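Scroll down for the structure; my scribbles are underneath it.
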Amino acid sequence: MSHRSKIDWTGRYFLKANALHKVWCRIMSHYVDWTSHIPELSQLSDDDQLKLMIARSIPCVWMMVSHRSMIYNTNGISISGGTYFPKDEEERQQVDKEIYPFLKRICDWVTEEFIEPAKEMEIGEEEYALLRILCFFMPAATLSPKGKAIVKEARNFYRNILVQTIIHKFPDWTHEEVCNRISKLLCFLPVMETAGRIEDDNLSVMTLFNVADMQGELT
4 MSHRSKIDWT GRYFLKANAL HKVWCRIMSH YVDWTSHIPE LSQLSDDDQL KLMIARSIPC
64 VWMMVSHRSM IYNTNGISIS GGTYFPKDEE ERQQVDKEIY PFLKRICDWV TEEFIEPAKE
124 MEIGEEEYAL LRILCFFMPA ATLSPKGKAI VKEARNFYRN ILVQTIIHKF PDWTHEEVCN
184 RISKLLCFLP VMETAGRIED DNLSVMTLFN VADMQGELT
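The sequence shown maps to residues 4 to 222 in the numbering used here.
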């Protein structure tokens, strides 16, 4: 895994092909560190922990990347290390053609389906934190029956916390307004599932053909 250097989310220069492997390793290291603070994870067996962390890695990572891009007001998608994939079509012409097609689809998806609506909703830090943990505790078919039960219980717990958070945040709202915001927030979860599938496809091709040196270990 990557060294735990400080992550720079400011979009200062375009991502280059020769930097993709390094920034991806750093982001994945951040994800692993984040999961270590989830209390329910320790209730799972070692085997179930590993399976869940692998299964949920890509959706959770893209939720984080999208949120960081939003709060740093990046004109595109922050990839860490000061790099970003631009939103502007003219600027995109300066991105390395080797990685351009793989980044375009996923970045367009999370911009249109998460960043823009999340900005419009003015999603708060608490809401984001709970959404990310809910994104992690999604069903994984490979888990043991006990592992699935633990994940389901955790998901129900954090969903209830999300509801209470919104009620507390907007005390003057009607029941309908609260339900509407909860519904909009939870709709971001399937968005990240789609992002996960897009990225899985991308990584499969990039690894197979060693695009941007993506073969090998996360080091």
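C-beta: ideal position from N, C-alpha, C; glycine also. None of the values given here were measured: they were computed from a predicted structure.
Alpha carbon to alpha carbon, how far is residue j from residue i? Give it in angstroms, no decimals.
i: Arg29; j: Trp65; result: 13 Å
i: Phe139; j: Pro193; result: 12 Å
i: Ile74; j: Thr210; result: 31 Å
i: Asp99; j: Lys149; result: 46 Å
i: Ile126; j: Ala132; result: 10 Å
i: Thr13; j: Ser69; result: 13 Å
i: Asp49; j: Asp175; result: 45 Å
i: Ala152; j: Ser186; result: 24 Å
i: Met141; j: Asn159; result: 10 Å
i: Ile118; j: Leu206; result: 22 Å
i: Glu180; j: Phe173; result: 9 Å
i: Leu165; j: Ala121; result: 16 Å
i: Ile41; j: Ser32; result: 15 Å
i: Asn183; j: Asn76; result: 26 Å
i: Asn163; j: Met195; result: 20 Å
i: Leu53; j: Val154; result: 13 Å
Under three-state DSSP, which class holds residue i?
i: Pro89; result: strand
i: Ser45; result: helix
i: Ile30; result: helix
i: Tyr75; result: coil
i: Phe173; result: coil
i: Thr222; result: Note that Thr222 has pLDDT 47, beneath the 50 cutoff, so the model's placement of it is unreliable and no number is given.
i: Phe140; result: coil
i: Met4; result: Confidence in Met4 is poor, its pLDDT being 47 and thus under 50, which makes the residue's placement too unreliable to answer from.
i: Asp11; result: coil
i: Ile82; result: strand
i: Phe17; result: strand
i: Cys110; result: helix
Going by CA-CA distance only, name the one from the options that's closest to residue i.
i: Glu156; options: Ala144, Leu137 and His171; result: Leu137
i: Val26; options: His40, Ile10 and Ile41; result: Ile10
i: Glu202; options: Glu115, Cys63 and Trp37; result: Cys63
i: Asp36; options: Ser8, Asn76 and Glu115; result: Ser8
i: Tyr161; options: Arg184, Asn183, Leu189 and Thr177; result: Leu189
i: Ala58; options: His178, Tyr87, Tyr34 and Arg184; result: Tyr34
i: Met67; options: Asn183, Lys107 and Thr114; result: Thr114
i: Trp112; options: Leu53, Phe191 and Val208; result: Phe191
i: Ile82; options: Asp204, Glu92 and Leu106; result: Leu106
i: Glu92; options: Ser72, Phe17, Arg71 and Glu116; result: Phe17
With C-beta atoms as the reference, is residue i less than 7 Å away from residue j?
i: Pro89; j: Arg95; result: yes
i: Arg15; j: Gly85; result: yes
i: Ile80; j: Cys110; result: yes
i: Asp51; j: Leu146; result: yes
i: Leu23; j: Ala143; result: no
i: Ile102; j: Ala20; result: yes
i: Glu123; j: Thr168; result: no
i: Thr38; j: Leu47; result: no
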